[in-house]
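J.: Okay, here's the structure, questions in a sec.
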Amino acid sequence: MSVEIREDISVIPLGRGIGAQIDGVNLREPVSEAIRAAILSAWMDHKVLRFRGQQGMSTQQLVNFSKIFGELDRAPTPANKTGKPYLSEFPTVTAISNIVVNGEPIGGLGAYEAEWHTDMSYNECTPSASILYAIEIPPAGGDTWFCDMYAAYDSLPADLKSRIAELKCVHDASRNSAGMLRKGWKEVTDPRETIGALHPIVRTHPVTGRKALFLGRRLNAYIPGLSLEDSESLLDTLWANAVLPEATWVQQWRIGDVVIWDNRCTMHRRDSFDPAARRLLHRTQIAGDRPF
Ligand code: SIN
């Protein structure tokens, strides 16, 4: 593991091509333009960055830090009974939590496993990044896994690359990443009727220019122009190649961790954990472009 010093910060690679820890920066205070540039360049190189020891960060400080990566997207509609945002005073921040107060969850996703996905890929313009800040963490479980979608694309055989070069896929908007139906949405019974944005299966990263596999989520995905059977079979093949063990990194959370990932070239999933334990993270998402 080689530590790089960029400006005053250290960049410590954590995984094999994905994941790095940044030391030497206090995210509760404004960062200089030079540090911002160093963070952005480390992020492009490592796809997922972790900053430890940021306990006590206020929600406004999380918003301020998030803005160094771009304009913020509104938080997604929660899959709860009311559909109301979890942090009404901060429309760009959502809570991920299993904690229930007065009978109401204070965040989304409960204690369930969340399957591999890319955040909000069912929108026409998809967030470039998501940021999680850990406030309460269970003693075990709830780890978040990241996989490298450049590596997934690069690993495909040439004939499969040319088969998918011009294909698009519909990304289901009806369910959250724990598979729960959002308020007001109908159950999808036939993927050909899935509602959600249509995106290229191979996208080009607008900053690095590299190609990445862009699958979003498996449930109810559909490739228009193919029969349902062919679409299912091609998607299954792509998903079987999407998560390469050698291009995967797992984040084991500590209170005060802040993690940012690039939704344009990674997917993530979360392990389940004991529902009796408490887990609370706040999340922001950075607005992005229409994938091309
Ligand atoms: C998410 O899928 O955005 C949440 C990940 C997590 O809870 O660690």
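Numbering (the numbering used here), first residue to last: 1 to 292.
Where a beta carbon is used, it is the ideal one built from N, C-alpha and C, also for glycine.
If you're wondering where the values come from, they're calculated on a predicted model, not measured in any experiment.
Does the structure place the segment 120-135 close enough to the segment 275-286 that three or more beta carbon pairs sit under 8 Å?
T.: yes
J.: Considering only DSSP beta bridges, list what residue 222 is partnered with.
T.: In the DSSP assignment, residue 222 is bridged to 170.
J.: Report the option in 275, 289 and 292 whose CA atom is closest to the CA atom of residue 137.
T.: Closest by C-alpha distance to residue 137, out of 275, 289 and 292, is 275.
J.: On a Cα-Cα basis, can you pick out the residue from 210, 221 and 211 that is closest to residue 196?
T.: 221
J.: I need the straight-line Cα distance from residue 251 to residue 144, nearest angstrom please.
T.: 5 Å
J.: Using CA atoms only, rank isn't needed, just tell me which of 257, 165, 243 and 224 is closest to residue 115.
T.: Nearest C-alpha to residue 115: 243.
J.: With DSSP run on the structure shown, which of helix, strand or coil describes residue 60?
T.: helix
J.: Run through the DSSP bridge pairs and tell me what residue 133 is partnered with.
T.: 258 and 282
J.: Taking residue 92 and residue 73 to be in contact with their CB atoms under 8 Å, please state how far apart those CB atoms are, rounded to whole angstroms.
T.: 7 Å
J.: Tell me the rounded alpha-carbon separation between residue 20 and residue 43.
T.: 8 Å
J.: Tell me whether residue 272, by its Cβ, gets closer than 7 Å to a heavy atom of the ligand SIN.
T.: no
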